[in-house]
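Notes for the one structure printed next.
There are 2 protein chains.
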Amino acid sequence: MGVMEKVARRTRDAAAQATPLPLDQIVMADCIAAMRALPAKSVDMIFADPPYNLQLGGDLNRPDGSHVDAVTDAWDKFDSFAHYDAFTRAWLAEAHRVLKDDGTIWVIGSYHNIFRVGAAVQDLGYWILNDIVWRKANPMPNFKGTRFTNAHETLIWASKGEKARYTFNYRSMKTLNDELQMRSDWEFPICGGGERLKRDGVKVHPTQKPEALLYRVLLACTKPGDVVLDPFFGTGTTGAVAKRLGRHWIGIEREADYCAAACQRIEAALPLDERALATMQSPKAQPKVAFGVLVENAYLTPGAMLTDAKRRHRAMVRADGSLASPCGATGSIHKLGATLQGAPACNGWTFWHYEADGALRPIDALRQTYLLATQP
Amino acid sequence: MGVMEKVARRTRDAAAQATPLPLDQIVMADCIAAMRALPAKSVDMIFADPPYNLQLGGDLNRPDGSHVDAVTDAWDKFDSFAHYDAFTRAWLAEAHRVLKDDGTIWVIGSYHNIFRVGAAVQDLGYWILNDIVWRKANPMPNFKGTRFTNAHETLIWASKGEKARYTFNYRSMKTLNDELQMRSDWEFPICGGGERLKRDGVKVHPTQKPEALLYRVLLACTKPGDVVLDPFFGTGTTGAVAKRLGRHWIGIEREADYCAAACQRIEAALPLDERALATMQSPKAQPKVAFGVLVENAYLTPGAMLTDAKRRHRAMVRADGSLASPCGATGSIHKLGATLQGAPACNGWTFWHYEADGALRPIDALRQTYLLATQP
DNA sequence: TACGCGCATGAATCAGGCA
DNA sequence: ATGCCTGATTCATGCGCGT
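As given, the protein sequences belong to chains A and B, one line each in that order.
1 is the number of the first residue of the first sequence in the working numbering; add one for each residue after it.
1 is the number of the first residue of the second sequence in the working numbering; add one for each residue after it.
If you want it as C-alpha cells, here you go:
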C-alpha cells in the first residue's frame with residue numbers, strides 16, 4: 001500500500017458531510033476547519049502540541065563556534081500575542097465541541113506560549129486537572145550563560161468541566177511509578193537516536209516529541225479502544241503510540257511532508273506485546289545532590305570552616321557553595337581541593353570534612369543525611 | 001524593642017509624601033496602594049507570592065462588591081477570572097513602575113493562577129527570562145487517587161523588557177550546582193520543621209515558602225546591598241533571607257498577624273559574615289587585560305609562535321600584539337582565531353596556546369599570572 | 001568484538017561597550 | 001540607531017571511526 005493512500009484529503013465541504021469519524025487516519029487540512037467537520041462530542045481525548053510562538057532573535061552559536069539549528073518554520077510565526085491568542089482560542093473552542101463530555105484534553109508548551117494557552121483553556125470553561133512538567137534529561141544548555149538552562153516543558157491536562165467524570169487510570173500510574181503515586185513532574189530524554197525521524201540525515205520535524213511522553217499520557221487517561229485526536233499531528237507520535245497501545249487515533253496536519261512521514265511511521269508501528277510493557281519502565285536514577293543544596297538548606301552555614309582529614313588545608317564555606325582558602329584561592333569543593341593539592345582532580349565530597357562533636361566527618365555524610373530526610 | 005514598632009502604618013496620602021524608601025521595613029497596607037507610594041524605578045528586584053484565590057471560594061468578591069459564594073457555572077467562573085485578572089494586572093502594573101529598568105520580577109503560583117499571571121506579565125511588556133519549576137521533595141499526596149500528585153509550583157522570572165540588562169549571577173549558580181549550569185527545575189522540601197512559623201501549635205500562614213527557595217532566587221538575581229520588594233510579604237520569608245544575604249528588603253502586607261510574625265522572625269535572623277557572602281565572580285567582573293600588554297611586559301616576546309590546542313593552526317606574535325599566520329592572514333588574537341577556523345567568532349584567550357615545559361598552555365594562563373602579579 | 005575518542009546536535013525568546 | 005571590536009560561553013547522548 002502506498003504511503004499516502006491512507007491520508008484523507010478533504011475539502012471543508014466534503015468533510016462536513018462525512019458523519020463517520022476518520023478513525024486511524026490522517027486528515028491533511030487546517031486543524032480548525034478539519035475539527036469543524038467532526039461531529040460534536042465524538043472523541044475521548046485530545047492531545048495537542050500547537051506552535052509555541054517562539055520569538056527568536058538573531059543567530060546563536062555554541063562556544064565551539066557551531067551554529068544552533070533553530071525553529072524558523074513559518075508555522076511558528078505570529079504577528080502578535082493578540083493573533084496568537086485568537087488562533088489559540090479558535091482551535092481550543094473547536095476542540096471543546098468535538099470532545100466528549102467526559103473526555104480530557106492535553107496541551108504541551110513552553111513559557112513562550114503556555115501561559116496564554118492556559119488562560120484560554122480556563123476562559124473557555126475547561127477545568128484544569130493538573131499541570132505536568134516534562135523534565136528533560138538532556139536539554140540544550142544555555143550557551144551564553146545568560147539564564148537558567150531551559151530544561152523543561154509544561155503540559156496542561158483539563159476536563160470539560162468541574163463535574164466531568166474523566167478517565168484516570170490511577171493504578172496503572174502507580175504501578176508505573178514503583179508503587180508510588182505518579183507525580184506532576186515527569187523525566188524523559190528528548191527525542192533522539194533511532195526514534196528521531198530523519199530524511200537524508202536531516203530531522204524531518206524540528207520538534208518531534210518522545211514516544212515515552214505520549215505513552216504515559218495515553219496510558220493514564222484513555223482506555224483501550226478509545227479515540228484520541230491530535231490536531232497538530234506533525235510526524236505522528238500520538239498515532240504511533242496510540243496504535244501500540246490499542247487506541248484509535250485521528251491526526252490533523254497541514255504539511256504534506258509531515259503527513260507522509262507520519263503515515264509511514266505508523267504503518268511500521270506494532271501493537272504492543274504485553275511482556276514489553278514491563279520493560280518500558282526506566283530505573284529510577286540515583287538522586288544527585290549538589291554541595292550548594294546543603295548550604296541552601298542550612299546543613300552548613302556560610303562562614304563554616306572545612307578541613308581535609310589531616311587538617312593540612314582549610315577553607316571557608318561561602319554563600320553560593322563555593323569555598324575560599326586562607327591563601328586566597330576559591331572554587332567549588334572539587335576544584336579547590338584539586339588546586340590546593342596540586343592535583344588534576346579531587347572528589348570534594350570525601351576530601352573536605354567538617355567538625356561535629358569534636359570529630360572530623362566528611363561532608364559526604366551530610367549529603368547522606370540530606371538524602372535520608374528528603375527521599376521518600 | 002516591641003515587635004510592631006518597626007511596622008510602618010501608612011495611609012495612602014501620608015505614604016505618597018515619603019520620598020525615601022522604607023528600607024528593611026514592613027508596610028502594613030494594601031499592596032497596590034503601598035506600591036503607588038513608592039518612587040518609580042526604585043527597587044532592584046521584586047518577589048511576589050500573590051493569592052491563588054480561584055476555585056477555593058471564600059473571600060472572592062465581584063468588581064461591583066457583591067460576594068461570589070460558589071464558583072459553579074461557567075458565567076460565575078468567567079466573572080471571577082475577570083476579577084482576578086484585573087487585580088493581577090493592577091499590581092503587576094504598579095510593580096512595573098516601581099522596578100528599576102534593569103531590575104527583574106519573580107512571581108510564584110500554581111496551575112490555579114499562574115497561567116493568568118503569566119499572560120498578564122507578557123501583556124504588560126515584561127520579558128520572560130525563564131519559568132522555573134519548584135519540585136517539592138515531599139508534596140502532599142492526592143488522597144482520592146483522582147489526579148497526579150500535585151508536586152510542584154511554578155515561578156516566572158521576567159525583566160522589564162527584551163533589552164534590559166538584568167543581573168544574573170551565572171557563576172554563583174553554576175558553583176551552587178556542582179559546576180553544572182543551574183537548570184530550570186529546582187528541588188526543595190516544603191517548608192516545615194523548625195522553619196515553619198507556628199503559634200499555639202498552629203501554622204501562622206497557610207503557604208509559607210521555604211527559605212531555601214528564596215535563598216536561590218536572591219543569590220541568582222541580586223547583588224549585596226540591592227533592594228528587594230515583596231508586595232505579598234506574608235510571614236516575611238523574603239525579608240529573613242534578604243537580611244541573611246546582606247540585601248535590603250521592603251515588605252508589604254495587609255494582615256497585622258502576619259506583619260507581627262514576620263517582624264519577630266526577621267529580628268531574629270542573623271546576617272552572614274561579609275566574607276561568607278562573597279561569591280564566585282564571572283570573568284566579566286575582572287579587570288580587562290589587552291593581549292598587547294602581555295607583549296609589552298615581556299610575558300611573550302614578539303616572534304614567539306602560538307598554536308591552537310590541536311596544533312592545527314599556527315601564528316606569530318608581533319610587536320603590537322597582533323598575530324600573523326604563515327598563510328598571510330593577520331589580526332587580533334580573536335579575529336585571527338575566527339578567520340582561521342572560518343567561525344563567526346572566537347575567544348583568542350582560550351583558543352591560542354604557547355609552549356612551556358613541553359606542554360601547551362592557553363595564553364589565558366599568562367593573563368591570570370599577570371593579574372595575580374599586578375592586582376593588590 | 002569491545003572500547004575510546006571525536007564530532008554532531010537538541011522548541012533558545014542566549015552580549016556589551018564604545019565610537 | 002548602527003556598526004565594530006572584544007571576548008565569554010555547553011550538557012547529555014548517539015553515532016562513526018580507529019585501535
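Note that the Cβ used here is the ideal one computed from N, Cα and C, for glycine as well.
Please read these numbers as outputs of a predicted model, since none were measured by experiment.
Secondary structure of residue i, DSSP reduced to three states
i      : result
B/F188 : strand
A/A285 : Note that A/A285 has pLDDT 42, beneath the 50 cutoff, so the model's placement of it is unreliable and the number below is only indicative. Coil at A/A285, not helix or strand.
A/R314 : strand
A/L180 : coil
B/A212 : helix
A/H396 : A question about residue 396 of chain A goes unanswered here, because the residues of chain A that appear run from 1 up to 376.
B/Y370 : helix
B/L21  : coil
B/E153 : strand
B/H377 : Shown here, chain B extends from 1 to 376; a query on residue 377 of chain B therefore has no answer.
A/R147 : coil
A/L219 : helix
B/D131 : strand
A/V295 : helix
B/A365 : helix
B/D59  : The pLDDT assigned to B/D59 is 48, lower than 50, so where the model puts this residue is not dependable; a value taken from the coordinates is nonetheless given after this. It is coil, neither helix nor strand.
A/S80  : coil
B/K136 : strand
B/M280 : coil
A/G65  : coil
A/A40  : coil
N-terminal and C-terminal residue of the alpha helix (DSSP H) that residue i is part of
i      : result
A/H334 : 333-341
B/V27  : No alpha helix (DSSP H) contains B/V27, which is instead part of the beta strand (DSSP E) from 25-28.
B/K243 : 237-244
B/M35  : 31-36
A/D123 : 114-123
A/L300 : Run containing A/L300: none; DSSP gives neither H nor E here.
B/L277 : 274-277
A/E267 : 256-268
Under 9 Å from the C-beta of residue i: neighbouring residues of chain A
i      : result
B/P51  : Within chain A, no residue comes near B/P51; the closest Cβ sits about 16 Å away, beyond 9 Å.
B/P189 : N297, A373, T374
Closer than 8 Å at the beta carbon, the chain B residues around residue i
i      : result
A/I132 : F148
A/D185 : V133, R135, A151, H152, D185
A/M182 : F148, T149
Proximal residues of chain B, C-beta to C-beta of residue i below 7 Å
i      : result
A/L129 : R147
A/V98  : Chain B residues near A/V98: none, gap ~18 Å exceeds 7 Å.
A/P362 : None at all; the shortest Cβ gap to chain B is about 16 Å.
A/R318 : A276, A278, T279
A/F291 : D178
Segment limits, beta strand (DSSP E) that includes residue i
i      : result
B/D230 : 227-230
B/E253 : 248-253
A/F47  : 43-48
A/T104 : 99-109
Minimum C-alpha distance to residue i - residue among the options
i      : options                        : result
A/L92  : A/A34, A/P302, A/L197, A/L372  : A/A34
B/Y215 : A/S110, A/V117, A/E296         : A/E296
B/V289 : B/T374, B/R314, B/P344         : B/T374
B/P287 : B/Q368, B/R89, B/D49           : B/Q368
A/H248 : A/V43, A/L294, A/P210, A/R312  : A/V43
A/G194 : A/W186, A/V27, A/V204, A/D185  : A/V204
A/T301 : A/S322, A/H313, A/P22, A/V133  : A/S322
B/R116 : B/T154, B/H96, B/R97, B/G145   : B/T154
B/I32  : B/E253, B/Y170, B/F143         : B/E253
B/A40  : B/R97, B/F47, B/F87            : B/R97
A/D364 : A/T330, A/F291, A/A343         : A/F291
B/Q264 : B/L213, B/G246, B/R199, B/A276 : B/R199
B/D185 : B/A82, B/K144, B/D131          : B/D131
Within chain B, the residues that residue i reaches when beta carbons sit closer than 9 Å
i      : result
A/M140 : In chain order: nothing, as chain B lies at least about 11 Å away.
A/N169 : Those within 9 Å of A/N169 in chain B number zero; the least Cβ separation is about 10 Å.
Contacts of residue i in chain A (Cβ-Cβ under 8 Å)
i      : result
B/Q341 : G65
Interface positions of the region 94-127 of chain B facing chain A (Cβ-Cβ less than 9 Å), listed along the chain = S110, Y111, H112, I114, F115, R116, V117, G118, A119, A120, V121, Q122, D123
ask   = Going along the region 64-96 of chain A in order, which residues come within less than 9 Å of chain B, judged by CB to CB distance?
value = D64, G65, S66, H67, F81, D85
task = Using a Cβ-Cβ cut-off of less than 9 Å, give me the residues of the region 323-339 of chain B that come near chain A, in sequence order.
result = A338
ask   = For the region 301-313 of chain A, which residues have a beta carbon sitting closer than 7 Å to at least one beta carbon of chain B?
value = P302, G303
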